[in-house]
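The structure appears right after this line, and notes come after that.
In the numbering used here, the protein residues as written are 1 to 108.
Structure below.
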């Protein structure tokens with residue numbers, strides 16, 4: 001099993017990239033956003049926001065709720081972006097695929 005059937009070969013967009021684009025649309029750099037939104041409005045410290053927009057941190061369900069409120073686009077978009085990204089990563093991880101091959105299906 002080299003990769004899962006139906007899996008795309010293209011890495012989906014990381015939610016942090018979308019956050020970065022949203023911030024740019026508002027004319028803010030990450031530093032400005034952290035300063036202006038940071039703990040006061042978003043409830044996260046600058047390093048956390050920086051890790052997210054630099055695609056080194058996942059969007060947790062709690063962060064998805066906050067981002068949806070901040071940008072006015074709801075929680076679901078952020079949860080779905082992260083889920084697609086996570087799914088692609090696991091479906092292209094050779095170690096995970098080898099482990100999955102050893103799982104026997106349950107037959108009814």
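All C-beta atoms in this analysis are idealised placements derived from N, C-alpha and C, irrespective of residue type, glycine included.
Residue 52 places its beta carbon less than 8 Å from that of residue 19.
With respect to the 8 Å criterion, residue 81 and residue 59 are classified as neighbours on the basis of their beta carbons.
Going by C-alpha positions, residue 93 is about 17 Å away from residue 56. In the structure shown, the three-state DSSP call for residue 40 is helix. DSSP places residue 71 within a helical segment (H, G or I) once states are collapsed to three. With fewer than 16 other Cβ atoms from the protein chains shown falling within 10 Å of its own Cβ, residue 21 counts as exposed. Per DSSP, residue 27 lies in no alpha helix (DSSP H) segment and is marked neither H nor E. Within 10 angstroms of the beta-carbon of residue 33 lie 16 or more other beta-carbons, which makes it buried. Here the alpha carbon of residue 30 sits roughly 7 Å from the alpha carbon of residue 23. A direct Cα-Cα distance of roughly 7 Å separates residue 85 from residue 13.
In terms of Cβ geometry, residue 88 and residue 11 form a close pair [threshold 8 Å].
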